[in-house]
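**Q**
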Amino acid sequence: VGEPGPGEVRLRQTACGLNYIDVYMRDGLYPAGELPAVLGMEAAGVVEAVGAGVTHVAPGDEVFGWGDGAFAEYMGTSAGNVLPKPADFSFEQAAAADDSAEIAVGDEVEVAGTVREFLPGGAAANLTTTQISAETPNP
Numbered sequence: 055v056g057e058p059g060p061g062e063v064r065l066r067q068t069a070c071g072l073n074y075i076d077v078y079m080r081d082g083l084y085p086a087g088e089l090p091a092v093l094g095m096e097a098a099g100v101v102e103a104v105g106a107g108v109t110h111v112a113p114g115d116e117v118f119g120w121g122d123g124a125f126a127e128y129m130g131t132s133a134g135n136v137l138p139k140p141a142d143f144s145f146e147q148a149a150a151a152d153d154s155a156e157i158a159v160g161d162e163v164e165v166a167g168t169v170r171e172f173l174p175g176g177a178a179a180n181l182t183t184t185q186i187s188a189e190t191p192n193p
């Protein structure tokens, strides 16, 4: 993975999520992209480098997000695909989080008995539908 371009980040991954789409790609049910392809879409790790214009994360920050190639040691992705990892989330928990639920800023969700409010700048994590209970539905 090379240097990030404008609006991109490079992550050193410490954990990755396994989702149904990853299995479907491995089994050939969904296209995996141009071969050789690195599978995986959800990841958590440490920002190694940022491209021009990226201001919400910096090298050394712990983050989670998504992009192509999450099963690799390093991943490049759009900076818009990553958020700061909540301090009380392990890398494994953060990697298991994704955007499969439609959550808007200000929505409240229940996470393992703890209600979090989603704030601008990614103060909390988007969570899989198996982990989420929306208190306020999206309009």
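Heads up: the sequence shown is residues 55 to 193, going by the numbering used here.
Positions of the beta carbon are idealized from the N, C-alpha and C atoms, including for glycine.
1. Name the two residues that bound the continuous alpha helix (DSSP H) containing M79.
2. A124 and E96 look like a contact to me (Cβ under 8 Å); what is the Cβ gap, rounded to whole Å?
3. How far does the alpha helix (DSSP H) with E146 in it reach, from first residue to last?
4. What is the DSSP secondary structure of A86, counted as helix, strand or coil?
5. Taking only the alpha-carbon atoms, compute the straight-line gap between A86 and F143 and give it to the nearest angstrom.
6. According to DSSP, is A133 helix, strand or coil?
7. So P60 and A106 are supposed to be a Cβ contact under 8 Å. How far apart are they, rounded?
8. Cα separation between V18 and A112?
**A** Checking against the coordinates, here is how it stands:
1. Looking up residue 79 in the sequence shown gives position 25. Note, M79: alpha helix (DSSP H), Y74 to D81.
2. Taking the sequence shown and counting its residues from 1, the one referred to as residue 124 is at position 70. Taking the sequence shown and counting its residues from 1, the one referred to as residue 96 is at position 42. Yes, they are in contact, since the Cβ atoms of A124 and E96 sit about 6 Å apart, within 8 Å.
3. For the purposes of this step, residue 146 is taken as residue 92 along the sequence shown, with counting starting at 1. Counting along the chain, the alpha helix (DSSP H) containing E146 begins and ends at F145 to A149.
4. The count along the sequence shown starts at 1 and reaches residue 86 at position 32. Secondary structure at A86: coil, using DSSP grouped into helix, strand and coil.
5. Along the sequence shown, one-based indexing puts residue 86 at 32. Along the sequence shown, one-based indexing puts residue 143 at 89. A86 and F143: Cα-Cα distance of roughly 29 Å.
6. Counting from 1 along the sequence shown, the entry for residue 133 is found at position 79. A133 falls in the helix class under three-state DSSP.
7. Counting from one through the sequence shown, the residue named residue 60 turns up at place 6. Counting from one through the sequence shown, the residue named residue 106 turns up at place 52. Going by Cβ atoms, the distance from P60 to A106 rounds to 4 Å, so yes, they are a contact pair.
8. Past the edges of the chain, shown from 55 to 193, lies residue 18, and the structure says nothing about it.
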